[in-house]
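Structure record follows, encoded as structure tokens.
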Amino acid sequence: MNKHNVKNIKAIRNYRTWLLEAKGLNEKSVVKMEGAIHLYQDFTSDEDFNRFNAERAINFKNFLKQKKYRGKAMAPNSYRTYLIHLRGFFTWLCTQPGYKSRIKLDSLEYLTVSKKESRLAVQKTIKNFPMLEYIKEIADSVNITTEVGLRNRALISFTFLTGLRDFALITLPIMSINEDELYVLQNPMYGVKTKFGKTIYSKIFKFDLDLLRYFLDWLKHLKKKGFSNNDPLFPRSKLKKEGDNLSFQKATEVEPIYWESTESMRKIFKDQCELTKKEYYSPHKYRDSAIYYALKSARTGEEIKAVSQNFGHENVATTMTVYAQLTPEHQLQVLDKLDNRTENLSSDEQIMKMLKEIINKQNLH
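Sequence positions in the sequence shown follow the working numbering and run 114 to 478.
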């Protein structure tokens with residue numbers, strides 16, 4: 114790609130500023146959008162954007178379909194997302210001086226996917242996440258003879274019991290925890306990095322009393338150690354140098370300093386899986402587990418809405434469509450019970466009540 118097309122560079126820079134300052138998007142989202150533009154530049158050898166037309170749109174779609182990643186074709190959802198981002202860029206570009214008369218609006222219609230491709234892109238897959246027995250085994254396998262071990266066991270337990278996103282979790286100060294009422298206040302004013310900067314009240318669920326005790330014991334340990342409310346709930350390991358050389362001893366203690374990234378947290382989960390020779394699940398998968406067990410206990414529309422808000426979802430449909438899907442095996446088990454049910458059958462009035470309840474769940478915002 115020609116890296117010296119100054120006109121294109123300026124257009125991308127202006128678009129970036131517009132996305133950040135006018136649309137209020139975050140840096141991560143903007144980088145993804147720029148990725149689609151850079152792919153188009155690769156395809157056209159960085160020719161001027163004002164030469165965009167229907168033919169180039171069609172050929173670019175073929176270009177994307179032929180791209181391979183680790184020997185596999187581009188996923189339908191990625192293909193669709195790239196086209197959406199590129200169309201957004203050219204839609205904006207059509208309003209800019211020097212491009213208004215050069216790019217035809219109807220040519221942007223070609224940056225769309227077919228109905229079949231759209232269905233494939235939005236098709237939900239059954240989520241794979243750890244069950245309670247697995248999580249308990251991982252937590253119980255942690256060596257707790259050191260302070261770092263106590264932290265790691267509490268971290269694994271807390272990740273499951275709250276379902277917090279990893280970046281929010283590593284930025285939690287101790288003041289975020291209400292020990293008496295068992296909830297977490299994810300407050301960006303405390304420095305907690307939540308998605309879209311939302312303030313979220315999250316329950317510390319009692320999915321398992323042993324896991325809950327592991328976390329509460331850790332919290333007591335930190336307070337007894339003299340950590341303040343502003344110190345991290347899960348502090349980094351304290352490194353010790355070996356003499357005058359540059360190597361470090363294996364950490365056994367923690368210090369009141371926040372982790373800078375989620376890398377250390379992920380390594381803790383990976384290392385424990387390797388130790389127990391079990392399948393690795395990322396911290397985010399523990400969030401999926403928490404939502405699953407919370408929904409399993411929900412009975413009313415109000416309870417489902419509470420679960421949805423608890424995990425930071427603005428729309429209950431997100432919780433239900435993404436996280437409430439049954440595996441084929443579970444689906445058949447539920448239907449077998451329904452098929453063999455002979456007692457306590459619902460009356461027409463009860464069925465209508467349940468249908469209204471389902472509709473209300475979908476309409477709750």
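Beta carbons: idealized from backbone N, C-alpha and C, even for Gly.
Between residue i and the rest of its own chain, which residues show a CB-CB distance below 7 Å, the 5 nearest in sequence each way excluded?
i    : result
I150 : I125, L199, F202
F165 : F203, I216, S220
Y296 : Y314, S315, K316, I317
I283 : F347, Y371, W372, T375, M378
T259 : T365
Y303 : P286, M288, S289
K398 : F242, P243
Do residue j and residue i count as a contact pair if the criterion is CB distance below 9 Å?
i    : j    : result
F271 : F328 : yes
A167 : K178 : no
G262 : Y195 : no
N343 : P286 : yes
F273 : A403 : yes
Y212 : F162 : yes
F424 : A407 : yes
F320 : L245 : yes
Between residue i and residue j, what straight-line distance do the alpha-carbon atoms span, to the nearest angstrom?
i    : j    : result
D330 : D159 : 58 Å
H478 : T432 : Bear in mind that a pLDDT of 48 at H478, under 50, signals an unreliable position, so the model cannot answer this.
L388 : Q209 : 57 Å
I251 : C386 : 7 Å
I290 : P189 : 41 Å
E230 : S410 : 36 Å
E366 : N265 : 11 Å
N127 : E134 : 10 Å
V119 : R193 : 28 Å
K333 : E140 : 37 Å
K145 : K311 : 21 Å
P369 : P345 : 6 Å
F309 : L138 : 9 Å
Just curious, the alpha helix (DSSP H) that residue i is in, first and last residue?
i    : result
V420 : 414–423
H426 : Segment: none, H426 is in no alpha helix (DSSP H) and carries neither H nor E.
Y128 : 119–130
What first and last residue would you give for the beta strand (DSSP E) that runs through residue i?
i    : result
I313 : 313–316
Per the DSSP calculation, residue i is bridged to which residue(s)?
i    : result
V367 : S350
K181 : A186
P286 : P345
N291 : Y296
Starting from the C-beta of residue i, find all residues in its chain whose C-beta is less than 8 Å away, skip the five residues before and the five after it, and write them out in chain order.
i    : result
A170 : S220, L221, Y223, L224
N256 : G262
Any beta carbon from chain D within less than 9 Å of residue i's own beta carbon?
i    : result
H151 : Chain labels in this structure do not include chain D; a single protein chain is all it has.
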